[in-house]
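Take 9 as the starting number for the sequence shown in the working numbering and just add one per residue.
In what follows, a single structure is set out as structure tokens and then discussed.
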Amino acid sequence: MRAFLFGWVNDNCFVNFKFTNLNPLLTHRRYDTTATTLTLAVYSLALNPDVQEKLYDEIQSVLKKLESEPENEGKSTLEMISHEVLSRFEYLNAVVNETLRLYAPAQATERTASQDIVLQTSDGSVRIDLKKGDVIHIPIYSMHRDPIHFPDPETFNPEHFLGEPKYHKYSYLPFGQGPRKH
Ligand code: HEM
Numbered sequence: 009m010r011a012f013l014f015g016w017v018n019d020n021c022f023v024n025f026k027f028t029n030l031n032p033l034l035t036h037r038r039y040d041t042t043a044t045t046l047t048l049a050v051y052s053l054a055l056n057p058d059v060q061e062k063l064y065d066e067i068q069s070v071l072k073k074l075e076s077e078p079e080n081e082g083k084s085t086l087e088m089i090s091h092e093v094l095s096r097f098e099y100l101n102a103v104v105n106e107t108l109r110l111y112a113p114a115q116a117t118e119r120t121a122s123q124d125i126v127l128q129t130s131d132g133s134v135r136i137d138l139k140k141g142d143v144i145h146i147p148i149y150s151m152h153r154d155p156i157h158f159p160d161p162e163t164f165n166p167e168h169f170l171g172e173p174k175y176h177k178y179s180y181l182p183f184g185q186g187p188r189k190h
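Below you can see the structure in the form of structure tokens.
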């Protein structure tokens with residue numbers, strides 16, 4: 009389970025490497041976000057045995073299918089798991105997304121306006137005049153727990169991420185969004 013979660017989190021950050029012992033990686037400065045996410049995923053699974061059972065069943069069933077595919081003959085479990093293959097673990101993706109929704113390592117981020125600009129809602133009911141240099145605080149924690157986008161937001165429920173998204177794409181930002189420049 010740990011290897012699966014680790015693979016998911018890092019592949020989605022476009023990092024790919026082989027490992028034999030996770031401990032040095034998880035204690036390295038760059039990996040505290042990954043380590044925290046894994047810890048909280050396992051914690052959430054422990055508190056929600058029904059979710060854990062469903063995840064276990066999915067992993068067993070996808071692995072069985074992979075083992076039966078000719079291109080995987082003779083391969084170990086880890087050798088079979090590529091970035092493309094990870095997307096076949098739909099419930100695993102939902103579990104990690106739900107962990108990052110409730111426990112996003114970055115609870116807020118900021119952007120600085122590079123020019124004067126007016127932001128407003130399509131119906132014009134909210135309007136914000138920004139001046140060049142203004143800093144905008146984006147409250148990731150609050151957005152992830154907004155019941156408009158995530159019904160029953162305090163409950164760990166991977167179903168939030170199954171099927172058609174019911175949330176606005178910019179209301180879920182565990183990795184931030186858009187171009188960055190330091
Ligand atoms: C669960 C795992 C991770 C989470 C939740 C996470 C989250 C974030 C967030 C929220 C930001 C700031 C984005 C913004 O303000 O728009 C960020 C930036 C960044 N992350 Fe991660 N991160 C994770 C793992 C990693 C890993 C494993 C690496 C590299 C090995 C990494 C490298 C970076 C870098 C280089 C930036 C700065 C990008 C820039 O400013 O252009 N992250 N990450």
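All C-beta atoms, glycine included, are put in the ideal place defined by N, C-alpha and C.
Since the model is a prediction, treat every value here as computed from it, not as a measurement.
(request) Just the C-alpha distance for Pro166 and Tyr99, rounded to the nearest angstrom, thanks. (result) 7 Å
(message) Can you give me the C-alpha to C-alpha distance between Gly171 and Lys140, rounded to a whole angstrom?
(response) 40 Å
(request) Let me know if Lys177 comes out buried or exposed under the rule of 16 or more other beta-carbons within 10 Å of its beta-carbon. (result) exposed
(message) Below 8 Å, how does it come out for the stretch 72–87 and the stretch 149–156: are there three or more Cβ pairs, yes or no?
(response) no
(request) Would you give the residue range spanned by the beta strand (DSSP E) that Glu118 belongs to? (result) Thr117 to Thr120
(message) Between Val93, Glu61 and Gln60, which has its C-alpha nearest Leu74's C-alpha?
(response) Val93
(message) Give me the DSSP bridge partner(s) of Arg135.
(response) Gln128
(request) May I ask you to check if the CB of Tyr128 is nearer than 8 Å to at least one heavy atom of the ligand HEM? (result) Rather than Tyr, the amino acid found at residue 128 in this sequence is Gln. No, the Cβ of Gln128 stays beyond 8 Å of every heavy atom of the ligand HEM.
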